[in-house]
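Just so you know, we're using full-length UniProt numbering here: the sequence shown kicks off at 1 and counts up by one. Each residue gets a CB set at the ideal place from its N, CA and C atoms; glycine is no exception. This structure is a prediction, so every number in the text was calculated from the model and none was measured.
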Amino acid sequence: MSKEIKAQVVVLGAGPAGYSAAFRCADLGLDTVIIERYNTLGGVCLNVGCIPSKALLHVAKVIEEAKALTEHGIVFGEPKTDIDKVRLWKEKVINQLTGGLAGMAKMRKVNVVNGYGKFTGPNTIEVEGEEGKTVVTFDNAIVAAGSRPIKLPFIPHEDPRIWDSTDALELKEVPGKLLIMGGGIIGLEMATVYHSLGSKIDVVEMFDQLIPAADKDMVKVYTKRIKDKFNLMLETKVTAVEAKEDGIYVSMEGKSAPAQAERYDAVLVAIGRVPNGKLLDAEKAGLEVDERGFIRVDKQMRTNVPHIFAIGDIVGQPMLAHKGVHEGHVAAEVISGKK
């Protein structure tokens, strides 16, 4: 038997964009429901993105600083890492922040529904959760359903040695030799972490520079700093990935491609993210979703359906948390009549 809830505003997704929108709606006096597939608020950013990556980057920074101080006459000895303890500390950081968000939602009387939500009509969303189905009827909706890592059809993603960013952040093991596919922010952050923990790192990027969208002069300075840490293969792309018992064999072509397939203990696929617009049955609400999965909005974050808004990764680049937070505030204030 399904449960029914009515709300003035429903927010689909509880990442930084979604929870910011929900909290602002509640602060403006609107009866608000937030739907989230994870058991905690915070979305990708807090659970499997920005926050755990920054926690691990802090560990990497301390390890590198301890090594660098030897040149100044301060000797600690070779840093040793207890991966289990590092993982527990990272999870503690996440739990503190997700717990804080839960408290903020409770204080504002925001009703949190856990499960996977899909539109069933222009004013209804059905949520499939562990405790059964919940139907949410709403006056206004804010879609903040985020994005997911891109998967390539020729890569055996089902093999546990093929990672996406979520797998890399779990820190289950430190591979001897790790290939990072994609020289963007996510790939380079994970390269930094795993290099400091002892992995030998190869980075393959199809463009002629790392972080292709960034300023070339800045990237040159950064590349100079890391070229002795990582084996950088620019203007090179992966053409085949084969999982064998003794490792993952990767074939490449391009300027820096090795002649033979290279063996790796793990491969991190960090070639970008794709929006979740096509996973929501948006057409049942009359929402227009483009071929890539993005939902088009105007400056008020309003979609082609006047009472449905969209914010965050799902409306377009850049896929950044602070952009989504701002968009969430805009949508909430438009709904409440403040803008």
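Legend entry - CB-CB length for alanine 22 against threonine 32, believed under 8 Å: One-based indexing of the sequence shown puts residue 22 at position 22. One-based indexing of the sequence shown puts residue 32 at position 32. Rounded, the Cβ-Cβ distance is 5 Å, consistent with contact.
Inset, instruction - In angstroms with no decimal places, state the Cα-to-Cα distance between valine 274 and valine 11. - result: Reading the sequence shown from its first residue, position 274 is the one you call residue 274. Reading the sequence shown from its first residue, position 11 is the one you call residue 11. Computed Cα separation, rounded: 20 Å.
Legend entry - Nearest candidate by alpha-carbon position, reference arginine 87, set Leu101, Ala102, Ile180, Ala55: Locating residue 87 in the sequence shown gives position 87, where the first residue counts as 1. Looking at the Cα atoms, Ala55 is the closest of the given residues.
Inset, instruction - Kindly list the residues whose CB is nearer than 7 Å to the CB of glycine 247, restricted to its own chain and excluding five residues on each side of it in sequence; keep chain order. - result: In the sequence shown, residue 247 corresponds to position 247, counting from 1. Arg263, Tyr264, Asp265, listed in sequence order.
Inset, instruction - May I have a chain-ordered list of the alpha helix (DSSP H) segments no shorter than 4 residues that lie completely inside the segment 216-265? - result: 216-226
Legend entry - Rounded separation between residue 417 and proline 122 - CA only: Since the first residue of the chain shown is 1 and the last is 339, residue 417 is not available in this structure.
Inset, instruction - Give me the Cβ distance between lysine 338 and leucine 46, rounded to the nearest whole Å; I'm assuming they're in contact under 8 Å. - result: Indexing the sequence shown from 1 puts residue 338 at position 338. Indexing the sequence shown from 1 puts residue 46 at position 46. Actually they do not touch by this definition, with Cβ atoms about 27 Å apart.
Inset, instruction - Specify the secondary structure class of phenylalanine 23 as computed by DSSP and reduced to three states. - result: In the sequence shown, counting from the first residue as 1, residue 23 sits at position 23. Looking at phenylalanine 23 - three-state DSSP - the assignment turns out to be helix.
Inset, instruction - Take leucine 179 as the anchor and find which of Pro306, Ala270, Leu279 has the nearest alpha-carbon. - result: In the sequence shown, residue 179 corresponds to position 179, counting from 1. Nearest of Pro306, Ala270, Leu279 to leucine 179, Cα basis: Ala270.
Inset, instruction - Verify whether the separation of the beta carbon atoms of glycine 103 and valine 113 is less than 8 Å. - result: Along the sequence shown, one-based indexing puts residue 103 at 103. Along the sequence shown, one-based indexing puts residue 113 at 113. It is not a contact, given that the beta carbons lie outside the stated cut-off.
Inset, instruction - Using alpha carbons as the reference points, say which of Lys172, Ala144, Lys118, Ala145 lies closest to lysine 133. - result: In the sequence shown, the residue the question calls residue 133 occupies position 133. Ranking Lys172, Ala144, Lys118, Ala145 by Cα distance to lysine 133 puts Lys118 first.
Legend entry - Closest residue to valine 267 among Gly184, Gly316, His157, Glu170 (Cα-Cα distance): Position 267 of the sequence shown, counted from the first residue, corresponds to residue 267. Comparing Cα positions, the closest option is His157.
Inset, instruction - Check whether the segment 254-262 touches the segment 225-238, taking contact to mean three or more Cβ pairs, one atom from each stretch, closer than 8 Å. - result: yes
Inset, instruction - In the DSSP assignment, find the unbroken alpha helix (DSSP H) run with leucine 12 in it and report its ends. - result: The count along the sequence shown starts at 1 and reaches residue 12 at position 12. It is not in any alpha helix (DSSP H) - leucine 12 instead sits in the beta strand (DSSP E) that spans 3-12.
Inset, instruction - Check whether the Cβ atoms of isoleucine 335 and valine 44 lie closer than 8 Å to each other. - result: On the sequence shown, residue 335 is found 335 positions in, with the first residue counted as 1. On the sequence shown, residue 44 is found 44 positions in, with the first residue counted as 1. No. Outside cutoff.
Inset, instruction - Report the three-state DSSP secondary structure of valine 110 (helix, strand or coil). - result: Mapped onto the sequence shown, residue 110 falls at position 110. Coil, per DSSP.
Legend entry - CA-to-CA distance, methionine 190 to isoleucine 35, given in whole angstroms: Numbered from its first residue, the sequence shown carries residue 35 at position 35. Numbered from its first residue, the sequence shown carries residue 190 at position 190. Rounded to the nearest angstrom, the two C-alpha atoms are 30 Å apart.
Legend entry - Meets three-Cβ-pair contact criterion under 8 Å: the segment 174-188 and the segment 277-297: no
Legend entry - Backbone secondary structure at alanine 310 - three-state DSSP: Here residue 310 is taken as the residue at index 310 of the sequence shown, counted from 1. Alanine 310 falls in the strand class under three-state DSSP.
Inset, instruction - Mark threonine 192 as exposed unless 16 or more other C-beta atoms lie within 10 angstroms of its C-beta, in which case mark it buried. - result: Here residue 192 corresponds to residue number 192 of the sequence shown, with the count starting at 1. Buried, since its Cβ has 16 or more Cβ neighbours within 10 Å.
Legend entry - Cβ-Cβ distance between phenylalanine 294 and methionine 301 below 8 Å: By one-based count along the sequence shown, residue 294 stands at place 294. By one-based count along the sequence shown, residue 301 stands at place 301. Going by C-beta atoms, phenylalanine 294 is not nearer than 8 Å to methionine 301.
Legend entry - Short Cβ contact (8 Å threshold) for isoleucine 162 with isoleucine 311: Reading the sequence shown from its first residue, position 162 is the one you call residue 162. Reading the sequence shown from its first residue, position 311 is the one you call residue 311. Going by C-beta atoms, isoleucine 162 is not nearer than 8 Å to isoleucine 311.
Legend entry - Start-to-end residues for the alpha helix (DSSP H) that takes in threonine 166: Along the sequence shown, read from residue 1 onward, the residue named residue 166 stands at position 166. Where threonine 166 is concerned, the enclosing alpha helix (DSSP H) stretches over 165-170.
Inset, instruction - Apply the 10 Å Cβ neighbour rule to glycine 187 and answer buried if 16 or more other Cβ atoms are within range, or exposed otherwise. - result: Taking the first residue of the sequence shown as 1, we reach residue 187 at position 187. Buried.
Inset, instruction - Just tell me which of Ser2, Ala66, Gln209 has its CA closest to the CA of glutamate 131. - result: Position 131 of the sequence shown, counted from the first residue, corresponds to residue 131. The option with the nearest alpha carbon to glutamate 131 is Ser2.
Inset, instruction - Whole angstroms is fine: what's the gap from valine 219's alpha carbon to glycine 182's? - result: What you label residue 219 is simply residue 219 of the sequence shown in a count that begins at 1. What you label residue 182 is simply residue 182 of the sequence shown in a count that begins at 1. Straight-line Cα distance between these residues: approximately 15 Å.
Inset, instruction - Under 8 Å by Cβ, that's how I've got valine 305 and glycine 286 pegged, so tell me the actual separation to the nearest angstrom. - result: For the purposes of this step, residue 305 is identified with residue 305 of the sequence shown, where counting begins at 1. For the purposes of this step, residue 286 is identified with residue 286 of the sequence shown, where counting begins at 1. Sure, about 5 Å apart at Cβ, within 8 Å.
Legend entry - Length of the line joining the Cα atoms of arginine 108 and alanine 145: The residue you call residue 108 lines up with position 108 of the sequence shown. The residue you call residue 145 lines up with position 145 of the sequence shown. Cα to Cα, arginine 108 sits roughly 22 Å from alanine 145.
Inset, instruction - For the segment 168-218, list the alpha helix (DSSP H) runs that are entirely contained and at least 4 residues long, ordered along the chain. - result: 185-197
Inset, instruction - State yes or no: is the C-beta of valine 110 within less than 8 Å of the C-beta of alanine 214? - result: Counting from one through the sequence shown, the residue named residue 110 turns up at place 110. Counting from one through the sequence shown, the residue named residue 214 turns up at place 214. Against a cut-off of 8 Å, the Cβ pair of alanine 214 and valine 110 comes out as no contact.
Legend entry - Assumed close pair tyrosine 194, isoleucine 201 - CB separation to whole angstroms, cut-off 8 Å: For this step, residue 194 is matched to residue 194 along the sequence shown. For this step, residue 201 is matched to residue 201 along the sequence shown. Rounded, the Cβ-Cβ distance is 6 Å, consistent with contact.
Legend entry - Through-space distance from tyrosine 249 to glutamate 242, alpha-carbon basis: Here residue 242 refers to the residue found at position 242 of the sequence shown. Here residue 249 refers to the residue found at position 249 of the sequence shown. Their backbone Cα atoms lie some 5 Å apart in a straight line.
Inset, instruction - Sort out for me which residues DSSP pairs residue 385 with in a bridge. - result: This structure cannot settle anything about residue 385, because the visible part of the chain is limited to 1 through 339.
Legend entry - Spatial neighbours of valine 127 in its chain, beta-carbon cut-off 6 Å, leaving aside the 5 residues before and after: Looking up residue 127 in the sequence shown gives position 127. Contacts found: Ile35, Val113, Gly115, Gly117, Thr134.
Inset, instruction - Mark valine 48 as exposed unless 16 or more other C-beta atoms lie within 10 angstroms of its C-beta, in which case mark it buried. - result: Here the question's residue 48 lines up with position 48 in the sequence shown. So valine 48 ends up on the buried side.
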